[in-house]
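Participant:
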Amino acid sequence: MPDLVLDLPAWLDADQRAVLTALAARNHEAHGDGLLGLVLSGSAGRAYATARSDLDVVVVLTDEAAAGRSTVHSPDLDEAVDAWSELCDVPAFGTEGWWFRWTYAWAPVLLDRTGGELTRAVHRQAVLTPEEADAVLLDHDRLDGWLNFVYRALKNDRDGRALEARLDAAESVAWLLDVVFALAGRVRPYNKYLPWELREHPLDGWPADPLLDLVGRLLDGDPAAVRESFALVRPACAVHDERRGHTRTTATIDGWGPELALFG
Numbered sequence: 000m001p002d003l004v005l006d007l008p009a010w011l012d013a014d015q016r017a018v019l020t021a022l023a024a025r026n027h028e029a030h031g032d033g034l035l036g037l038v039l040s041g042s043a044g045r046a047y048a049t050a051r052s053d054l055d056v057v058v059v060l061t062d063e064a065a066a067g068r069s070t071v072h073s074p075d076l077d078e079a080v081d082a083w084s085e086l087c088d089v090p091a092f093g094t095e096g097w098w099f100r101w102t103y104a105w106a107p108v109l110l111d112r113t114g115g116e117l118t119r120a121v122h123r124q125a126v127l128t129p130e131e132a133d134a135v136l137l138d139h140d141r142l143d144g145w146l147n148f149v150y151r152a153l154k155n156d157r158d159g160r161a162l163e164a165r166l167d168a169a170e171s172v173a174w175l176l177d178v179v180f181a182l183a184g185r186v187r188p189y190n191k192y193l194p195w196e197l198r199e200h201p202l203d204g205w206p207a208d209p210l211l212d213l214v215g216r217l218l219d220g221d222p223a224a225v226r227e228s229f230a231l232v233r234p235a236c237a238v239h240d241e242r243r244g245h246t247r248t249t250a251t252i253d254g255w256g257p258e259l260a261l262f263g
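Dropping the structure here:
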């Protein structure tokens with residue numbers, strides 16, 4: 000059947016190709032036109048697999064066909080099922096579905112029987128609209144929360160509390176990454192894929208190796224790294240505000256008033 004020809008990435012080996020071809024045929028046999036497409040996620044979908052990696056595939060079905068289906072796990076294949084309405088839904092930050100959005104980032108679409116709608120829906124999951132970026136940064140306090148942790152880290156360092164400073168600096172990392180990726184209009188990757196994404200899909204203004212080095216030094220509690228992170232985020236927020244036509248992120252930072260002296 001011509002519309003079951005898969006667009007398989009070049010890096011997959013013969014065994015992986017055979018598994019994926021069989022999976023497509025099996026789902027077509029079970030669901031016919033209810034099979035809308037296949038998406039290859041996980042390490043194999045990003046040319047990042049090891050000898051122990053399996054294939055993570057999202058089988059996209061019509062809502063009717065997806066009813067009663069669930070994820071199937073095996074040593075070689077994880078076959079997750081997404082109903083069409085679920086794929087088209089874009090969960091907000093902080094909701095249960097938010098965590099799964101990065102599943103679709105940079106994930107090859109192996110089969111799209113929707114005339115491109117499925118491919119567009121996959122891409123949409125992993126990007127943030129300007130309004131979503133503002134929501135992450137401001138409505139969900141990721142920017143202000145990050146400022147709180149780096150401020151506490153510097154206060155503890157100033158007061159000779161080395162362990163406490165290290166803990167706060169380390170805790171600031173997750174918040175910092177949410178801020179950095181929101182400013183770039185992208186969903187933050189899972190930790191496993193952070194180096195991969197930064198190197199394979201660079202963030203404008205955030206070169207991979209310097210940012211990864213900064214993260215490592217923050218995890219070590221280096222107060223110089225804490226101040227460096229502030230020096231990088233502040234102008235990035237100004238650029239974001241100019242692009243958005245508001246001053247909300249800059250105002251959040253400026254709202255710390257005299258306390259900002261500690262960041263100098």
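Numbering that gives the first Met the number 0 numbers the first residue of the sequence shown as 0 and each following residue consecutively.
Ideal Cβ placement from N, Cα and C applies to all residues, glycine included.
May I have the straight-line CA-CA distance separating G36 from E199, to the nearest angstrom?
Facilitator: 25 Å
Participant: In three-state DSSP terms, what is H245?
Facilitator: coil
Participant: Which two residues bound the contiguous beta strand (DSSP E) that contains D81?
Facilitator: 76 to 82
Participant: Around the C-beta of L54, are 16 or more other C-beta atoms found within 10 angstroms, so that it is buried, or is it exposed?
Facilitator: buried
Participant: Taking its Cβ as the centre, do 16 or more other Cβ atoms sit within 10 Å of S40, making it buried, or is it exposed?
Facilitator: buried
Participant: In angstroms with no decimal places, state the Cα-to-Cα distance between W83 and V58.
Facilitator: 10 Å
Participant: Please state whether DSSP places R185 in a helix, a strand or coil.
Facilitator: strand
Participant: Rounded to whole angstroms, what's the CA-CA distance from V71 to E258? Just pull it up for me.
Facilitator: 52 Å
Participant: I need the straight-line Cα distance from G270 to R16, nearest angstrom please.
Facilitator: Because the chain spans 0 through 263 in this model, residue 270 falls outside it and cannot be assessed.
Participant: Taking Cβ positions, are L166 and L217 nearer each other than 9 Å?
Facilitator: no
Participant: If you compare alpha carbons, which of A43, P234, L146, P194 is closest to R215?
Facilitator: Note that residue 215 is Gly in the sequence shown here, rather than Arg. It is P194 whose Cα lies nearest to the Cα of G215.
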